[in-house]
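Participant: All residue numbers for the sequence shown refer to our numbering, where the first residue is 471 and numbers rise by one.
This is the structure I want to talk about, given as structure tokens.
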Amino acid sequence: MAWHDGTVTAPLTPPHQPGPHDPWQAPPSGSHLAPSPGAPDDPDTATELRQAAVVAVLVAVSGIALGLLWLWLAPRVPLVSDDTAVFLKNSEGEEAIGADGTFVLLAIGFGVLSAALVFWRLRRGGVLVVVGLALGALLASLIAWRVGIWLGPSSDVVGRAREAGQGVTFDAPLELHTVWVAVLAWPFAAMGIHLLLTAAFGPRDVEPDWSGYSGYYDGPVQGPLAGPGSGGPPSSPPAGGAGPG
């Protein structure tokens with residue numbers, strides 16, 4: 471009876487060198503595990519800060535137009551006086567509420583317009599541009615409020631009543647009764663519209679290119695981890711096998 475001891479196979483690759491299908495080796499050339507941090511036309515931080523500052527200034531300046539439109543379109547509150555006091559000519563009128571509503575509607579319209587323009591010009595702008603839009607819209611609302619008051623009827627109601635005379639109708643000062651609701655209408659409208667436009671038409675992230683890895687792990691496993699079905703060299707016969715007598 472003859473017997474054969476197991477055959478010890480040497481590693482198929484030199485020491486300290488990974489095999490062609492080693493999962494820990496570097497990825498093949500030409501492959502990309504993930505997309506680059508940003509597209510070539512994405513602005514850096516300094517450029518984005520400048521863009522945000524320009525957006526904030528331009529939007530804030532446009533508040534003057536809102537103030538002028540509010541002064542022109544807002545309904546007037548008629549007053550009348552006698553020798554002792556000043557009264558509302560129409561005690562059941564809604565002119566005071568109409569002034570607030572006019573300001574809010576105009577502010578929402580300006581918010582939609584400013585958000586659309588900023589998105590159109592700076593579609594790839596980051597968070598800083600959006601912050602600049604929000605701050606500029608808030609400043610614009612405050613400027614519009616003050617412009618309407620400064621250019622509107624005088625707040626000296628007693629002096630104007632004396633000038634108008636007894637029983638003569640004159641306009642009350644233009645004012646906002648719900649200041650913060652009206653002032654925040656523009657920023658909230660601008661942020662909401664800009665968010666919707668970004669979600670609908672904003673740039674999409676580039677999908678990673680996995681084509682370089684196709685077939686990377688498909689080959690047979692070589693070395694000590696090779697098994698019977700791995701496609702490697704045939705396994706040695708078991709020890710103690712019977713041979714020809």
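Note that beta-carbon positions come from the ideal geometry of N, C-alpha and C, so glycine has one too.
Remember, predicted model here, so these are calculated numbers, not experimental data.
Within 10 Å of its beta-carbon, does S624 have 16 or more other beta-carbons around it, so buried, or fewer, so exposed?
Facilitator: Mapped onto the sequence shown, residue 624 falls at position 154. With fewer than 16 other Cβ atoms within 10 Å, it is exposed.
Participant: Find out if the Cβ-Cβ distance for the pair T572, A544 is shorter than 8 Å.
Facilitator: One-based indexing of the sequence shown puts residue 572 at position 102. One-based indexing of the sequence shown puts residue 544 at position 74. Result yes, Cβ atoms of T572 and A544 sit closer than 8 Å.
Participant: Following the continuous beta strand (DSSP E) through S551, name the residue where it begins and the one where it ends.
Facilitator: Numbered from 1 along the sequence shown, position 81 holds the residue referred to as residue 551. Taken as a continuous stretch (DSSP letters only), the beta strand (DSSP E) holding S551 covers P548 to S551.
Participant: What residues are listed by DSSP as bridge partners for L605?
Facilitator: Translated into positions along the sequence shown, residue 605 becomes position 135. DSSP output for L605 lists no bridge partner at all.
Participant: Just the C-alpha distance for D553 and V649, rounded to the nearest angstrom, thanks.
Facilitator: In the sequence shown, residue 553 corresponds to position 83, counting from 1. In the sequence shown, residue 649 corresponds to position 179, counting from 1. Distance between the alpha carbons of D553 and V649 is about 32 Å.
Participant: For the alpha helix (DSSP H) that contains K588, what are its first and last residues?
Facilitator: Position 118 of the sequence shown, counting from 1, holds the residue named residue 588. Looking at the sequence shown, residue 588 is not Lys but Val. Run containing V588: E565 to R591, per the alpha helix (DSSP H) assignment.
Participant: For V717 and Q636, what's the separation of their Cα atoms in angstroms?
Facilitator: Because residue 717 is not part of the residues shown, which for the chain are 471 to 715, the question remains open.
Participant: Here's the rule I'm using: 16 or more other beta-carbon atoms within 10 Å means buried, otherwise exposed. How should W615 be labelled?
Facilitator: Here residue 615 corresponds to residue number 145 of the sequence shown, with the count starting at 1. So W615 ends up on the buried side.
Participant: Figure out for me which residue from L608, R674 and V599 has the closest Cα to the Cα of T517.
Facilitator: The count along the sequence shown starts at 1 and reaches residue 517 at position 47. Residue V599 is the option with its Cα nearest to T517.
Participant: Would DSSP call V556 helix, strand or coil?
Facilitator: Counting from 1 along the sequence shown, the entry for residue 556 is found at position 86. Strand, per DSSP.
Participant: Report the option in F658, A659, L646 and G662 whose CA atom is closest to the CA atom of E565.
Facilitator: Position 95 of the sequence shown, counted from the start, is the residue given in the question as residue 565. It is L646.
Participant: Identify which residue in L621, L519, G579 and A569 has its Cα closest to the Cα of P548.
Facilitator: Position 78 of the sequence shown holds residue 548. The shortest C-alpha separation from P548 is found at A569.
Participant: When you compare each of A522, G533 and L519 to L609 by their alpha carbons, which one comes out closest?
Facilitator: Within the sequence shown, the letter at position 139 stands for residue 609. With distances taken between Cα atoms, L609 lies closest to G533.
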